[in-house]
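**Student:**
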Amino acid sequence: MGLKSFSRARAIHVMLVYTGGCNGCDIEIVNSILSPRFDAEQYNVFLTWNPREADVLVVTGPVTHLNRKPLEEIYKAIPNPKLVVAAGSCALMGGVYKNCYGDIPSEEIEGPVENIIPVDAKVPGCAVRPQDVLAGVVSLLPILLDAD
Amino acid sequence: MDEKVPRSNIIETEIPMGTVHPAALEPYRVRFFVEDEIVQEAEITIGVNHRGIERIMEGLPVEKANALTEKICGICSNSHIWNSCRTAEIGLGIEIPERATYIRVIMGELERLHSHFLYLAHGCEVLSHETFSMRIFYLREIVMELLAMIGGNRVQYGCSVLGGVRPRCDVDEAKLLRLKNDMDAVEEGLTGFVERFLADSVVQSRITGVGALPHKQAIKLAVTGPTLRATGVARDLRTTMFEYDNFDFNVITQPDGDVRSNLVMRALESFESIKIIRQAIANIPEGKVVTRDWEMFDTDIIESYIEVPRGTLYHSYALESGRVRHCIIRTPSMANIGAMKYACIGEQLTDAQLCIVQCDPCFTCTDRAIEIIRR
Chain A
1 MGLKSFSRAR
11 AIHVMLVYTG
21 GCNGCDIEIV
31 NSILSPRFDA
41 EQYNVFLTWN
51 PREADVLVVT
61 GPVTHLNRKP
71 LEEIYKAIPN
81 PKLVVAAGSC
91 ALMGGVYKNC
101 YGDIPSEEIE
111 GPVENIIPVD
121 AKVPGCAVRP
131 QDVLAGVVSL
141 LPILLDAD
Chain B
1001 MDEKVPRSNI
1011 IETEIPMGTV
1021 HPAALEPYRV
1031 RFFVEDEIVQ
1041 EAEITIGVNH
1051 RGIERIMEGL
1061 PVEKANALTE
1071 KICGICSNSH
1081 IWNSCRTAEI
1091 GLGIEIPERA
1101 TYIRVIMGEL
1111 ERLHSHFLYL
1121 AHGCEVLSHE
1131 TFSMRIFYLR
1141 EIVMELLAMI
1151 GGNRVQYGCS
1161 VLGGVRPRCD
1171 VDEAKLLRLK
1181 NDMDAVEEGL
1191 TGFVERFLAD
1201 SVVQSRITGV
1211 GALPHKQAIK
1221 LAVTGPTLRA
1231 TGVARDLRTT
1241 MFEYDNFDFN
1251 VITQPDGDVR
1261 SNLVMRALES
1271 FESIKIIRQA
1281 IANIPEGKVV
1291 TRDWEMFDTD
1301 IIESYIEVPR
1311 GTLYHSYALE
1321 SGRVRHCIIR
1331 TPSMANIGAM
1341 KYACIGEQLT
1351 DAQLCIVQCD
1361 PCFTCTDRAI
1371 EIIRR
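These protein sequence lines map, in sequence, to chains A and B.
Taking our numbering, the leading residue of the first sequence gets 1, the next gets one more, and so forth.
Taking our numbering, the leading residue of the second sequence gets 1001, the next gets one more, and so forth.
1) Given a cut-off of 7 angstroms, decide if A87/A and C25/A are closer than it, judged by their beta-carbon atoms.
2) State the DSSP-derived secondary structure class of M1017/B, mapped to helix, strand or coil.
3) Mapping the DSSP letters down to three states, classify G1311/B as helix, strand or coil.
4) So C1073/B and N23/A are supposed to be a Cβ contact under 8 angstroms. How far apart are they, rounded?
5) Using a Cβ cut-off of 7 angstroms, pull out every chain A residue sitting near P1361/B, in sequence order please.
6) Is the Cβ-Cβ distance between D1258/B and G1311/B less than 7 angstroms?
7) Output yes if chain A places a C-beta closer than 7 angstroms to the C-beta of P1255/B; else output no.
8) By the 10 Å Cβ neighbour count, where 16 or more other Cβ atoms means buried, how is R1104/B classified, buried or exposed?
9) Within the 7 angstroms Cβ cut-off, does M1134/B reach chain A?
10) Is V96/A close to chain B, meaning its C-beta is less than 7 angstroms from at least one C-beta of that chain?
11) How close, in whole Å, do the beta carbons of A1121/B and L1190/B come, if the pair is a contact with beta carbons under 8 angstroms?
12) If we ignore side chains and look at the alpha-carbon of each, how far apart do P130/A and E1141/B end up?
13) For F46/A, which beta-bridge partners are listed by DSSP?
14) I need the DSSP call for Q959/B, collapsed to helix, strand or coil.
15) Taking a cut of 8 angstroms between CB atoms, which residues from the stretch 1103-1122 of chain B lie near chain A?
16) Taking Cβ positions, are E1070/B and I1081/B nearer each other than 7 angstroms?
17) Determine whether the beta carbon atoms of T60/A and G21/A lie at a separation below 7 angstroms.
18) Just confirm the distance between the C-beta atoms of A91/A and P112/A, as a whole number of angstroms; I'd bet it's less than 8 angstroms.
19) So what's R957/B in DSSP terms, helix, strand or just coil?
20) State the start and end residues of the unbroken alpha helix (DSSP H) segment that holds T1087/B.
21) Any residues in the stretch 1149-1165 of chain B with a beta carbon nearer than 9 angstroms to a beta carbon of chain A? Which ones, in chain order?
22) Give me the subset of the stretch 6-24 of chain A whose CB atoms are less than 8 angstroms from a CB atom of chain B, sorted by chain position.
23) Quick one: list the residues of chain B neighbouring R68/A, beta-carbon separation under 7 angstroms, in chain order.
24) State the Cα-Cα distance for the pair P62/A and V119/A, rounded to the nearest angstrom.
25) By how many angstroms is the C-alpha of L141/A removed from the C-alpha of E28/A?
26) Ordered along the chain, which non-local residues of its own chain (more than five positions away) have a Cβ less than 6 angstroms from that of A1343/B?
27) Assuming the contact rule is C-beta atoms closer than 8 angstroms, V1308/B and C1085/B should be a hit. Round their C-beta distance to whole Å, please.
28) Measure the CB-CB distance between F1247/B and I1276/B and report whether it falls below 7 angstroms.
29) For D1298/B, collect the residues of the same chain with a Cβ closer than 7 angstroms to its Cβ; drop the 5 residues on either side in sequence, then sort them by chain order.
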């Protein structure tokens, strides 16, 4: 294990970006990292709102049209190695909002997240359970730590 | 208190935040116009989250449309499905069983508890007092597990259906006992929190008098819910709802309309919710939880207003051969946007985010309708 991986393993920063879902997944994820019950901070996983110090990007929501550009820019701002977790059924397949106009493709919803940025792990659920989010983030850690 | 008037002349310095900004959880855009770090005018723009739920509901069978309304908001999801079912029940004249009403009230009040706890935790987080925030998050977890016990999911329980509640959400003796014990635990924890919160002079001096909203202005801006009650206006729709006829509770008000009033208001209202849940546990009648004894017919546009954790929620639609037509939903945060802008005026820029948070914004709910302006 190199020096970089050694130090990264002691402070993994998760950034949550919210692209127009219903707030349910969003709060569950903040809850799973911050709240004393689940407390991902005891595994050295921290929540950050700054893309430049993030390692893992957690995306929720079906990516509305106006949120597409911010999401791409946030993804670009994260330094390598970077990993993306798509959380919730909206982020995975557009959820109930995807086909809102029937056969006519919706201009409102750009998602799922895979269409916009590469996704490394998918966490299903509506809304996601905190245990699943933790499992999803933890499953990515080997990739992150073997990166250099 | 004097009326604060937004300045109409040109203000040079503008500080935009958003749409995605570290200080705000949800995507929205706010522009502060400042002079010497004092906010002179604020402008909030929403519309980033618009997904068009009403459009999806148009033409769906009413049962499906009811289930879809849950996806409007992940915080007050139960309120949406409750009010949507209630709208159809008013239109079709469905008499719901007494036991179902009680379970709906229990779910509604549990949701009010978790929404208010989220507000308190988020407010303390914005105040940068992490300890208080964590204490409340810990209490909130008890409520979330109760919601999961009754509804089967931590968010979006799908409790109400047309004519009552889903049979899965029926409560038995064991569930009622756990509910009762956990209410004691929540009350104890919340009492401890409120005592420490009010005794903490550092926090109190930080929040007293910040972001004040006089009650005349609040009425003028048509503010609803706890934000209105925190300015001293005792207006609560629960006093007029038939579901709450058998329950005894007080309408809490606070005098000042500042951040302190808002936070204390939510904490005290949580005690009233605990009181209502205890009454419901003690008096819950026996019987079935859902009635299938109703007929579908076409109706005119039906309207229903209920009190949800953040204020007054309005649903309206017409039924046409079992399908939803002309759906309109108005959520409480829509009315409170005016209060958010107003509370920022005259405050330090560092307090501006706190002034927005004090009105309990939920911009996901709020992105409802778009107006197409042809030029």
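In this text, a Cβ means the ideal position worked out from N, Cα and C, and glycines have one as well.
**Tutor:** With the structure as the only source:
1) As a first step, residue 25/A must be located in the first sequence, where it is residue number 25. As a first step, residue 87/A must be located in the first sequence, where it is residue number 87. Yes, the pair counts as a contact, with Cβ atoms nearer than the cut-off.
2) Here the question's residue 1017/B lines up with position 17 in the second sequence. Strand, per DSSP.
3) In the second sequence, the residue the question calls residue 1311/B occupies position 311. It is a strand residue.
4) If you number the second sequence from 1, residue 1073/B lands on position 73. If you number the first sequence from 1, residue 23/A lands on position 23. About 6 angstroms separates the beta carbon of C1073/B from that of N23/A, a gap short enough to meet the 8 angstroms contact definition.
5) Position 361 of the second sequence, counted from the first residue, corresponds to residue 1361/B. Ordered by position in chain A, no residue passes the 7 angstroms Cβ test against P1361/B, which lies about 11 angstroms from the chain.
6) Here residue 1258/B is taken as the residue at index 258 of the second sequence, counted from 1. Here residue 1311/B is taken as the residue at index 311 of the second sequence, counted from 1. Contact flag unset, no.
7) In the second sequence, the residue the question calls residue 1255/B occupies position 255. No, because no Cβ of chain A sits closer than 7 angstroms to the Cβ of P1255/B.
8) In the second sequence, counting from the first residue as 1, residue 1104/B sits at position 104. Using a 10 angstroms sphere on the CB of R1104/B, the tally of other CB atoms reaches 16 or more, which defines it as buried.
9) Here residue 1134/B is taken as the residue at index 134 of the second sequence, counted from 1. For M1134/B, the answer is yes, since a Cβ of chain A falls inside 7 angstroms of its Cβ.
10) On the first sequence, residue 96/A is found 96 positions in, with the first residue counted as 1. Answer yes: the Cβ-Cβ gap between V96/A and chain B drops below 7 angstroms somewhere.
11) In the second sequence, residue 1121/B corresponds to position 121, counting from 1. In the second sequence, residue 1190/B corresponds to position 190, counting from 1. Contact doesn't hold; Cβ gap of about 12 angstroms is too wide.
12) Locating residue 130/A in the first sequence gives position 130, where the first residue counts as 1. Locating residue 1141/B in the second sequence gives position 141, where the first residue counts as 1. If you draw a straight line from the Cα of P130/A to the Cα of E1141/B, it comes to about 11 angstroms.
13) Within the first sequence, numbered from 1, the residue matching residue 46/A stands at position 46. DSSP output for F46/A lists H13/A as bridge partner(s).
14) The structure shown does not extend to residue 959/B, since chain B is modelled only from 1001 to 1375, so the question has no answer here.
15) L1118
16) To locate residue 1070/B, count along the second sequence from 1; it is residue 70. To locate residue 1081/B, count along the second sequence from 1; it is residue 81. It is a contact, given that the beta carbons lie within the stated cut-off.
17) Against the first sequence, residue 60/A aligns to sequence position 60. Against the first sequence, residue 21/A aligns to sequence position 21. The answer is yes: Cβ separation under 7 angstroms.
18) The residue you call residue 91/A lines up with position 91 of the first sequence. The residue you call residue 112/A lines up with position 112 of the first sequence. About 6 angstroms; that satisfies the 8 angstroms criterion.
19) Nothing can be reported for residue 957/B, as the shown portion of chain B is limited to 1001 through 1375.
20) As a working mapping, residue 1087/B is identified with position 87 in the second sequence. Note, T1087/B: alpha helix (DSSP H), S1077 to L1092.
21) N1153, R1154, V1155 and Q1156
22) V17, Y18, T19, G20, G21, C22, N23 and G24
23) Here residue 68/A is taken as the residue at index 68 of the first sequence, counted from 1. By Cβ distance, chain B contributes nothing, its closest Cβ being about 11 angstroms from R68/A, past 7 angstroms.
24) Within the first sequence, numbered from 1, the residue matching residue 62/A stands at position 62. Within the first sequence, numbered from 1, the residue matching residue 119/A stands at position 119. Their Cα atoms are separated by approximately 14 angstroms.
25) Here residue 28/A refers to the residue found at position 28 of the first sequence. Here residue 141/A refers to the residue found at position 141 of the first sequence. For E28/A and L141/A, the distance between alpha carbons rounds to 20 angstroms.
26) Numbered from 1 along the second sequence, position 343 holds the residue referred to as residue 1343/B. The answer, listed in chain order, is G1211, L1213 and C1355.
27) Counted from its first residue, the second sequence places residue 1308/B at position 308. Counted from its first residue, the second sequence places residue 1085/B at position 85. In fact, because the Cβ distance is near 14 angstroms, the residues do not count as touching under 8 angstroms.
28) As a position in the second sequence, residue 1247/B is number 247, starting the count at 1. As a position in the second sequence, residue 1276/B is number 276, starting the count at 1. Contact: yes.
29) Position 298 of the second sequence, counting from 1, holds the residue named residue 1298/B. Excluding positions up to five away in sequence, the list reads L1319, E1320 and S1321.
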